[in-house]
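Asker:
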Amino acid sequence: MEILNANLLHPRWRVGEHLQRWRDAGGGEALAIGAGNPAAILAAVKEADLRGLGGSGFPVWRKWEAVAHAPADKDKYLVCNGNEDEPGTYKDRLLLEETPHQVIEGAVLAALAVGANRVVFYVNPDLKRSLAALDLALAQWQGSAMQEQASAALGRPMALELVPSSGHYIGGEETAALEWIEGKFPFPRGKPPYPAEYGVHGCPTLVNNVETLANVPAIVRHGAEWFRAQGTGGAGGTKLYSLSGDVLHPGVYELPMGTTLRDMIFVHGGGLLSGKPIKAVFTGGPSNTLLTPDDLDVALDFDSLRERGAALGTGAMIVVSEGTGIVKRVAEYVRFFAHSSCGQCPSCKTGTATISRLLDRIDTGQGTAADMATLETLCAMLPGSGRCHLVNGVVQLLESSFRHFRQEYRQALK
Ligand SMILES: Cc1cc2nc3c(=O)[nH]c(=O)nc-3n(C[C@H](O)[C@H](O)[C@H](O)COP(=O)(O)O)c2cc1C
Ligand code: SF4
């Protein structure tokens, strides 16, 4: 494991103090409870309806159950996904930087619940502070009473390991992470088989996002009912929303799941920095959908957004005001995704590159009605044609921008 510069740690924290502060705040209590009854961890997470916070919103217990039921005759892995490279998403780095012990405790509890003996923290090497904080926190866990407690509850040694990822955006896709951990280039694998059946080195593997796992200790400590009560409406728990763009107070906000877009922007974000009216919000990161001023009262949770044809994704909210060109913005994001395509699937490699080229042409006043028609055709052809979700995300963004801002595209044509 690479030893990183301790000075990179957040100046508010000292190494030993960090562990002590976390313990003073109840850190380690959930492990003590979970180690006594590992089966109850999965039951609590199921009752809490914890969702995957890496973007999918998939019920966590389903993947956990699949890994828990997989044969335990060889290693079982848990991968804590901290690749975080989606534009506008800044939440996992903050958790790793500010409270790495909470993330470790969450991962260890998840490992106990599914019977995993190899826990891999897979972190983007560009997040230097997060990597340094986690590295030091893991050093404090190695050989500690907490690790012994976890191994005793599991019935075999539980190894905790830090693996810096490649730093590629595509490396955050769960099967790409498995490839990198095996020492290969992070090309996403075809699915099925899913990681729960055939993960790292063919072993059953659970992949969860950093924020997802960071929620587990509180669920175990305070119970599912307490967790659900933290949300509003039908949604449970809290969410780390990454707010950026044209707002007075950009930042990462932990708020009840289901907070409205209006409160997010105008109460917590302080309104628009430019003082102009709001035009749109790239919601869930730029690989998702756009919301407009008509959606200000929508609850920002997985189910409410899905009902509106939108998606919560990573919880990123990028606010743009009147006067911002939507075509230009979409073209910029699509350029990022086209560059990030790993190139394995011809439809994604050429499809995203073609969309990017056509959008640049339209944005610079060179586009034609035929270009628009080609974009529409690609939107119909591409979804589901790739091994991973990257190509679908590009189409989702493009279609959403057409739905709300078609007039702007028409005006930009030659
Ligand atoms: C192109 C692409 C990039 C992704 N990047 C990340 C990432 O950086 N971090 C992450 O947790 N999930 C990322 N995901 C989602 C993972 O594939 C996977 O769904 C997630 O890690 C599962 O964790 P969760 O169920 O706790 O959300 C990405 C997916 C795709 C298609
Ligand atoms: S869809 Fe795109 S990014 Fe995903 S595996 Fe295929 S080529 Fe790579």
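869 is the number that the numbering used here gives the last residue of the sequence shown; the numbers go up by one with no jumps. In this text, a Cβ means the ideal position worked out from N, Cα and C, and glycines have one as well.
#1: Quick one, what's near ligand 2 if you take every residue whose CB is closer than 6 Å to any heavy atom, in chain order?
#2: Going by DSSP in three states, SER699 sits in which element: helix, strand or coil?
#3: Over what stretch of residues does the beta strand (DSSP E) that includes TYR708 continue unbroken?
#4: Where does CYS800 sit, in a helix, a strand or coil, going by DSSP?
#5: Return the first residue and the last residue of the alpha helix (DSSP H) that LEU751 is part of.
#6: Are there 16 or more other CB atoms within 10 angstroms of the CB of GLN821, so buried, or fewer, so exposed?
#7: Hey, out of ASP756, PRO612, ILE625, VAL846, whose CA is closest to ARG683's CA?
#8: Quick check on HIS656: buried or exposed, where buried means 16 or more other Cβ atoms within 10 Å of its Cβ?
#9: Quick one: using the 10 Å Cβ neighbour count with 16 as the cut-off for buried, is GLU603 buried or exposed?
#10: Measuring CA to CA, which of LEU633, ASP826, GLY561 is closest to LEU497?
#11: Can you determine whether any heavy atom of ligand 1 sits closer than 7 Å to the C-beta of LEU695, and answer yes or no?
#12: In whole angstroms, give me the CA-to-CA distance for PRO884 and GLY730.
#13: Rounded to a whole number of angstroms, what is the C-alpha to C-alpha distance between THR807 and GLY483?
#14: Taking only three categories from DSSP, how would you classify LEU589?
#15: How about PRO542 and PHE791: do their beta carbons lie closer than 8 Å?
#16: By the DSSP assignment, the alpha helix (DSSP H) with PHE576 in it spans what residues?
#17: Going by the CB atoms, is the gap between ASN572 and LYS531 shorter than 8 Å?
#18: Taking all protein chains shown into account, do 16 or more other C-beta atoms lie within 10 angstroms of the C-beta of ARG676, making it buried, or fewer, making it exposed?
#19: In whole angstroms, what is the alpha-carbon distance linking PRO748 and PRO580?
#20: Who does MET772 pair with in a DSSP beta bridge?
#21: With three or more C-beta pairs closer than 8 Å as the rule, is the segment 759-770 touching the segment 731-744?
#22: Quick one: any contact between the segment 720-734 and the segment 694-708, if contact means 3 or more CB pairs under 8 Å?
#23: Taking 7 Å as the cut-off, is the beta-carbon of PHE513 closer than that to any non-hydrogen atom of ligand 1?
#24: Using alpha carbons as the reference points, say which of ALA503, LEU582, VAL775 lies closest to PRO705.
#25: Using CA coordinates, which residue listed in MET827, SER811, SER802 is at the minimum distance from HIS844?
#26: Is the number of C-beta pairs between the segment 592-608 and the segment 624-638 that are closer than 8 Å three or more?
#27: Report buried or exposed for PRO647, applying the criterion of at least 16 other Cβ atoms within 10 angstroms of its Cβ.
#28: Which of the three DSSP states, helix, strand or coil, is assigned to ARG644?
#29: Using C-beta distances below 8 Å, list every residue in its chain close to LEU727, excluding the 5 sequence neighbours before and after it, in chain order.
#30: Just mark PHE576 as buried or exposed, buried being the case when its beta carbon has 16 or more other beta carbons within 10 Å.
#31: Check whether the Cβ atoms of ALA735 and LEU745 lie closer than 8 Å to each other.
#32: CA-CA distance, CYS800 and LEU813?
#33: Using the beta-carbon count (16 or more within 10 Å), is HIS794 buried or exposed?
#34: Going by other Cβ atoms of all chains shown within 10 Å of its Cβ, with 16 needed for buried, is THR823 buried or exposed?
#35: Hey, VAL662 and ALA632: beta-carbon distance below 8 Å or not?
#36: Can you tell me the Cβ-Cβ gap for PRO493 and ALA568, rounded? I've got them flagged as a contact below 8 Å.
Answerer: Answer, in terms of the structure:
#1: ILE625, PRO643, SER796, CYS797, GLY798, GLN799, CYS800, CYS803, LYS804, GLY841, ARG842, CYS843, LEU845, VAL846
#2: If you number the sequence shown from 1, residue 699 lands on position 244. The answer is strand: DSSP assigns SER699 an E or B state.
#3: Position 253 of the sequence shown, counting from 1, holds the residue named residue 708. Residues 706-711.
#4: Here the question's residue 800 lines up with position 345 in the sequence shown. CYS800: coil per DSSP, three-state reduction.
#5: As a first step, residue 751 is located in the sequence shown; it is residue number 296 there, counting from the start. Premise fails: LEU751 is in no alpha helix (DSSP H) and is neither H nor E.
#6: Residue mapping note: residue 821 aligns to position 366 of the sequence shown, counting from 1. By the neighbour-count rule (16 or more Cβ atoms within 10 Å), GLN821 is not buried but exposed.
#7: Looking up residue 683 in the sequence shown gives position 228. Comparing Cα-Cα distances from ARG683 to each of ASP756, PRO612, ILE625, VAL846, the minimum goes to ASP756.
#8: Mapped onto the sequence shown, residue 656 falls at position 201. Flag for HIS656 reads exposed.
#9: Position 148 of the sequence shown, counted from the first residue, corresponds to residue 603. Around the beta-carbon of GLU603, fewer than 16 other beta-carbon atoms lie within 10 Å, marking it exposed.
#10: The residue given as residue 497 occupies position 42 in the sequence shown. Minimum Cα distance to LEU497 is reached at GLY561.
#11: Counting from one through the sequence shown, the residue named residue 695 turns up at place 240. The closest heavy atom of ligand 1 lies 7 Å or more from the beta carbon of LEU695.
#12: Here the chain has residues from 456 to 869 only, and residue 884 is not among them.
#13: Walking along the sequence shown from the start, residue 807 turns up at place 352. Walking along the sequence shown from the start, residue 483 turns up at place 28. Those two C-alpha atoms are separated by around 46 Å.
#14: As a working note, residue 589 is residue 134 in the sequence shown. In the structure shown, LEU589 sits in a helix (DSSP, three-state: H, G or I).
#15: Walking along the sequence shown from the start, residue 542 turns up at place 87. Walking along the sequence shown from the start, residue 791 turns up at place 336. Between PRO542 and PHE791, the CB-CB gap stays under 8 Å.
#16: If you number the sequence shown from 1, residue 576 lands on position 121. No alpha helix (DSSP H) contains PHE576, which is instead part of the beta strand (DSSP E) from 573-578.
#17: In the sequence shown, the residue the question calls residue 531 occupies position 76. In the sequence shown, the residue the question calls residue 572 occupies position 117. Cβ distance < 8 Å, so LYS531 and ASN572 count as in contact.
#18: Position 221 of the sequence shown holds residue 676. Per the 10 Å Cβ criterion, buried.
#19: For the purposes of this step, residue 748 is taken as residue 293 along the sequence shown, with counting starting at 1. For the purposes of this step, residue 580 is taken as residue 125 along the sequence shown, with counting starting at 1. C-alpha separation (whole angstroms): 37 Å.
#20: Translated into the one-based positions of the sequence shown, residue 772 becomes position 317. DSSP, once it has assigned bridges, lists LEU698, THR738 as partnering MET772.
#21: yes
#22: yes
#23: Here residue 513 is taken as the residue at index 58 of the sequence shown, counted from 1. PHE513: yes, Cβ under 7 Å from ligand 1.
#24: Here residue 705 refers to the residue found at position 250 of the sequence shown. Checked all of ALA503, LEU582, VAL775; the closest Cα to PRO705 is VAL775.
#25: Numbered from 1 along the sequence shown, position 389 holds the residue referred to as residue 844. It is SER802 whose Cα lies nearest to the Cα of HIS844.
#26: In this structure the segment 592-608 does not lie against the segment 624-638, because fewer than three pairs of beta carbons, one per stretch, are closer than 8 Å.
#27: Locating residue 647 in the sequence shown gives position 192, counting from the first residue. It is exposed - the Cβ of PRO647 has fewer than 16 other Cβ atoms within 10 Å.
#28: Here residue 644 refers to the residue found at position 189 when the sequence shown is read from its first residue. Coil at ARG644, not helix or strand.
#29: On the sequence shown, residue 727 is found 272 positions in, with the first residue counted as 1. The residues are ASP701, VAL702, LEU703, ILE720, ILE733, VAL774, SER776.
#30: Reading the sequence shown from its first residue, position 121 is the one you call residue 576. Answer is buried; the Cβ neighbour count reaches 16.
#31: Walking along the sequence shown from the start, residue 735 turns up at place 280. Walking along the sequence shown from the start, residue 745 turns up at place 290. Yes, they are a contact pair.
#32: In the sequence shown, counting from the first residue as 1, residue 800 sits at position 345. In the sequence shown, counting from the first residue as 1, residue 813 sits at position 358. Cα to Cα, CYS800 sits roughly 20 Å from LEU813.
#33: The residue given as residue 794 occupies position 339 in the sequence shown. Per the 10 Å Cβ criterion, exposed.
#34: Counting from 1 along the sequence shown, the entry for residue 823 is found at position 368. It is exposed - the Cβ of THR823 has fewer than 16 other Cβ atoms within 10 Å.
#35: To locate residue 662, count along the sequence shown from 1; it is residue 207. To locate residue 632, count along the sequence shown from 1; it is residue 177. Closer than 8 Å, so yes.
#36: Translated into the one-based positions of the sequence shown, residue 493 becomes position 38. Translated into the one-based positions of the sequence shown, residue 568 becomes position 113. By a beta-carbon distance limit of 8 Å, PRO493 contacts ALA568. Their separation comes to about 6 Å.
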